[in-house]
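Residue numbers (the working numbering): 3 to 168.
Next comes the structure, spelled out in structure tokens:
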């Protein structure tokens, strides 16, 4: 009987941990705020200041590929608009995406002299913060109003009970 109670406690703890796991869908950020806003005379610094970037998010650069490019560069090249020593050329078809894979600063410029016309942006990607709202770490009601979540919880409870009675 002790083994059965221990199994039940472990299964319950596992279920609560799974249900309380913080998750976030990646976000697609349209650089500059619009569909085709990778162009001169857009305040990319102001745009980036009002956005929050997390690891896993995507940047969308919409532009005329005949005129502009998107180059990932280091901080020094960003500050001096040096397009010769780029890390990666993002330019493909004028509707290009870049995945923020690490928590770090990213720097992008446009070559062909357009960086000097303001076509550059610095972005700081950060890890998604854990939920810290002052509540206890066990919050079973988290998202329980969602029918899919209720169904998943029901399946987990049924599975756990079947496993316990084995």
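Glycine included, each C-beta is placed from N, C-alpha and C at the ideal position.
**Item:** Exposed unless 16 or more other CB atoms sit within 10 angstroms - verdict on residue 52
**Value:** exposed
**Asked** Which residue or residues does DSSP assign as beta-bridge partners of residue 98?
**Response** 63
**Request:** Since I believe residue 63 is in contact with residue 33 (beta carbons under 8 Å), could you give me their beta-carbon distance rounded to a whole number of angstroms?
**Result:** 5 Å
**Request:** With DSSP collapsed to three states, give me the class of residue 110.
**Result:** strand
**Asked** Just curious, the alpha helix (DSSP H) that residue 50 is in, first and last residue?
**Response** 46 to 51
**Asked** So, residue 35 versus residue 67, is the Cβ gap smaller than 7 Å?
**Response** no
**Request:** Note down, in chain order, each residue of its chain lying with its Cβ closer than 8 Å to the Cβ of residue 118, except the 5 sequence neighbours on either side.
**Result:** 83
**Request:** Let me know if residue 122 comes out buried or exposed under the rule of 16 or more other beta-carbons within 10 Å of its beta-carbon.
**Result:** buried
**Message:** Rounded to the nearest angstrom, what separates residue 125 and residue 72 at their Cα positions?
**Reply:** 14 Å
**Request:** Please look up how many angstroms separate the CB atoms of residue 49 and residue 65, rounded, as I've assumed it's under 8 Å.
**Result:** Wrong, their Cβ atoms sit about 14 Å apart, outside the cutoff.
**Message:** Taking 7 Å as the limit between beta carbons, can you name the residues of its chain near residue 116, skipping five residues before and five after?
**Reply:** 42, 70
**Item:** Helix, strand or coil at residue 68 according to DSSP, with G and I counted as helix
**Value:** coil
**Prompt:** Can you give the beta carbon distance from residue 98 to residue 92, rounded, assuming they're within the 8 Å contact cut?
**Reply:** 5 Å
**Item:** Helix, strand or coil at residue 116 according to DSSP, with G and I counted as helix
**Value:** helix
**Message:** Here's the rule: buried if 16 or more other CB atoms are within 10 angstroms of the residue's CB, otherwise exposed. What is residue 105?
**Reply:** exposed
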